[in-house]
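A.B. asks:
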Amino acid sequence: MSITDAHMHVGDFPTFGVKLDEDHLAEYLAKNDIDTGFVFHQDNAMVRRVIQDIPGAYGLYWANPKLGDPIPELKDFLDDPKFRGVKLHPLMDGFHPDDPMVWPIIELLIERDLPALIHCGHPIFSLPWSIEELIARYEDAKIILGHMGHGNIIYIDASIGVAQRHPNVWLETSGMPMSIKILEAVRKVGSNRVMYGSDGPWHEPKVEQLKVQLAGLDAEDLEDVMHRTAQRLFLGADV
Ligand SMILES: [Zn+2]
Numbered sequence: 001m002s003i004t005d006a007h008m009h010v011g012d013f014p015t016f017g018v019k020l021d022e023d024h025l026a027e028y029l030a031k032n033d034i035d036t037g038f039v040f041h042q043d044n045a046m047v048r049r050v051i052q053d054i055p056g057a058y059g060l061y062w063a064n065p066k067l068g069d070p071i072p073e074l075k076d077f078l079d080d081p082k083f084r085g086v087k088l089h090p091l092m093d094g095f096h097p098d099d100p101m102v103w104p105i106i107e108l109l110i111e112r113d114l115p116a117l118i119h120c121g122h123p124i125f126s127l128p129w130s131i132e133e134l135i136a137r138y139e140d141a142k143i144i145l146g147h148m149g150h151g152n153i154i155y156i157d158a159s160i161g162v163a164q165r166h167p168n169v170w171l172e173t174s175g176m177p178m179s180i181k182i183l184e185a186v187r188k189v190g191s192n193r194v195m196y197g198s199d200g201p202w203h204e205p206k207v208e209q210l211k212v213q214l215a216g217l218d219a220e221d222l223e224d225v226m227h228r229t230a231q232r233l234f235l236g237a238d239v
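Going by full-length UniProt numbering, the first residue of the sequence shown is number 1, and it counts up by one from there.
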């Protein structure tokens, strides 16, 4: 079965003691049986350079609206077919997900029919209810709740609830420890709106894959979550 990983970081994160060597992304993908991986880092130019010659590697543009108007550079990156959407990290970068600074980013993504992957699962800026304010404002936007609530059962249930209330929401599994919640998410919103991500190198992709594989999904649903949902959403693939 092919594997598409919706959530990967490349480069050095010294604050966290975490690193995925930018010269060894291809090996990292192969070692973890990842056929297609979506990677990001605050240094978008580095990401562009790293993914260029790796057929299965794609980028999401890391947009931090607090550093100034990201739109001109974002347009440039989204003109590159290797960039398939935006990563927003309201927690790390310190903004409310529905801050007016964010709106032009979402409006451009709607225009390009590309998704935003938003870190979801920690107070104060990345709780599912806060992201839902943005989601409710832009019903045509495609929003992925990265980590689908992360390690907190209240936030996990709330993330599934947000996806139930809004058909333009996808759930991504990285860092969320409960296999049974992946099964519940698929039952409640459908396998076409749940996708595997590892958050490598924060988490081991093999562990994150096993977590999905042990969720009790039938073969069709498992293939959607491990591969097809992300292929359709990011790449418009007819799989
Ligand atoms: Zn991450």
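Every residue, glycine too, gets a C-beta built ideally from N, C-alpha and C.
Can you determine whether any heavy atom of ligand 1 sits closer than 6 angstroms to the C-beta of D199, and answer yes or no?
C.D. replies: Against the sequence shown, residue 199 aligns to sequence position 199. For ligand 1, at least one heavy atom lies less than 6 angstroms from the Cβ of D199.
A.B. asks: Sort I153, Q42, R84, D113 by Cα distance to L127 and report the nearest one.
C.D. replies: Indexing the sequence shown from 1 puts residue 127 at position 127. Nearest C-alpha to L127: I153.
A.B. asks: Quick check on the DSSP output: what are the complete alpha helix (DSSP H) runs of length 4 or more inside the segment 115-192, in order along the chain?
C.D. replies: Listed in chain order, they are 128-137, 153-165, 179-189.
A.B. asks: Mind checking who L88 pairs with in its DSSP beta bridge?
C.D. replies: What you label residue 88 is simply residue 88 of the sequence shown in a count that begins at 1. L88 pairs with I118.
A.B. asks: Quick one: residues in its chain with C-beta nearer than 8 angstroms to the C-beta of I182, no 5 flanking neighbours on either side, listed in chain order?
C.D. replies: Taking the first residue of the sequence shown as position 1, residue 182 is located at position 182. Closer than 8 angstroms at the Cβ level, and outside the excluded window around I182, lie T173, M176, V194, K211, V212, A215, L217, V225.
A.B. asks: Report yes if the CB atom of G149 is closer than 7 angstroms to the CB atom of I156, and no otherwise.
C.D. replies: Translated into the one-based positions of the sequence shown, residue 149 becomes position 149. Translated into the one-based positions of the sequence shown, residue 156 becomes position 156. In this structure, I156 lies closer than 7 angstroms to G149 by Cβ.
A.B. asks: Would you tell me roughly how many angstroms separate the C-alpha atoms of K82 and H24, rounded to the nearest one?
C.D. replies: Numbered from 1 along the sequence shown, position 82 holds the residue referred to as residue 82. Numbered from 1 along the sequence shown, position 24 holds the residue referred to as residue 24. If you take the alpha carbons of K82 and H24, they lie about 18 angstroms apart.
A.B. asks: Would you kindly report the start and end of the unbroken alpha helix (DSSP H) that includes W62?
C.D. replies: Locating residue 62 in the sequence shown gives position 62, counting from the first residue. Not the alpha helix (DSSP H): W62 falls in the beta strand (DSSP E), residues 57-62.
A.B. asks: Can you check which of these residues, L222, G190, V10, is closest to L29 by C-alpha distance?
C.D. replies: One-based indexing of the sequence shown puts residue 29 at position 29. Taking only the C-alpha atoms, the option nearest L29 is V10.
A.B. asks: Looking only at its own chain, which residues have a Cβ that is under 6 angstroms from the Cβ of Y138, when we skip the five neighbours before and after it?
C.D. replies: The residue you call residue 138 lines up with position 138 of the sequence shown. For Y138, where only same-chain residues beyond five positions count, the Cβ hits under 6 angstroms are I106.
A.B. asks: Who are the Cβ neighbours of R232 in its own chain at under 6 angstroms, not counting the five residues just before and after it?
C.D. replies: Indexing the sequence shown from 1 puts residue 232 at position 232. Nothing meets the Cβ criterion.
A.B. asks: Determine, using beta-carbon pairs with one atom in the segment 30-41 and one in the segment 92-100, whether at least three such pairs fall under 8 angstroms.
C.D. replies: Contact between the segment 30-41 and the segment 92-100 is absent, because fewer than three Cβ pairs lie under 8 angstroms.
A.B. asks: Which residues in the same chain as K75 place their Cβ atom closer than 6 angstroms to its Cβ, once the five residues preceding and following it in sequence are excluded?
C.D. replies: Mapped onto the sequence shown, residue 75 falls at position 75. Hits under 6 angstroms: none found.
A.B. asks: Would you tell me roughly how many angstroms separate the C-alpha atoms of V86 and F13, rounded to the nearest one?
C.D. replies: By one-based count along the sequence shown, residue 86 stands at place 86. By one-based count along the sequence shown, residue 13 stands at place 13. Approximately 19 angstroms between the Cα atoms of the pair.
A.B. asks: So, residue 245 versus I110, is the Cβ gap smaller than 7 angstroms?
C.D. replies: Absent from the structure is residue 245, since the part of the chain shown begins at 1 and ends at 239.
A.B. asks: What would DSSP say about F95, mapped onto helix, strand or coil?
C.D. replies: Working through the sequence shown from its first residue, we reach residue 95 at position 95. It is coil, neither helix nor strand.
A.B. asks: In whole angstroms, what is the alpha-carbon distance linking H227 and H147?
C.D. replies: Walking along the sequence shown from the start, residue 227 turns up at place 227. Walking along the sequence shown from the start, residue 147 turns up at place 147. So the two alpha carbons sit approximately 17 angstroms from each other.
A.B. asks: Can you round the beta-carbon distance between L145 and V169 to whole angstroms, since I take them to be within the 8 angstroms contact cut?
C.D. replies: For this step, residue 145 is matched to residue 145 along the sequence shown. For this step, residue 169 is matched to residue 169 along the sequence shown. Going by Cβ atoms, the distance from L145 to V169 rounds to 6 angstroms, so yes, they are a contact pair.
A.B. asks: Using 10 angstroms around the beta-carbon of M8, count the other beta-carbons present and answer buried if the total reaches 16, otherwise exposed.
C.D. replies: Taking the first residue of the sequence shown as 1, we reach residue 8 at position 8. Per the 10 Å Cβ criterion, buried.
A.B. asks: Quick test of your reading: T4 and A230, contact by CB under 8 angstroms. State the CB separation rounded to the nearest angstrom.
C.D. replies: Sequence index remark: in the sequence shown, residue 4 carries index 4 (1-based). Sequence index remark: in the sequence shown, residue 230 carries index 230 (1-based). Sure, about 4 angstroms apart at Cβ, within 8 angstroms.
A.B. asks: Run through the DSSP bridge pairs and tell me what A4 is partnered with.
C.D. replies: The count along the sequence shown starts at 1 and reaches residue 4 at position 4. A quick correction: the sequence has Thr, not Ala, at residue 4. Partner(s): T36.
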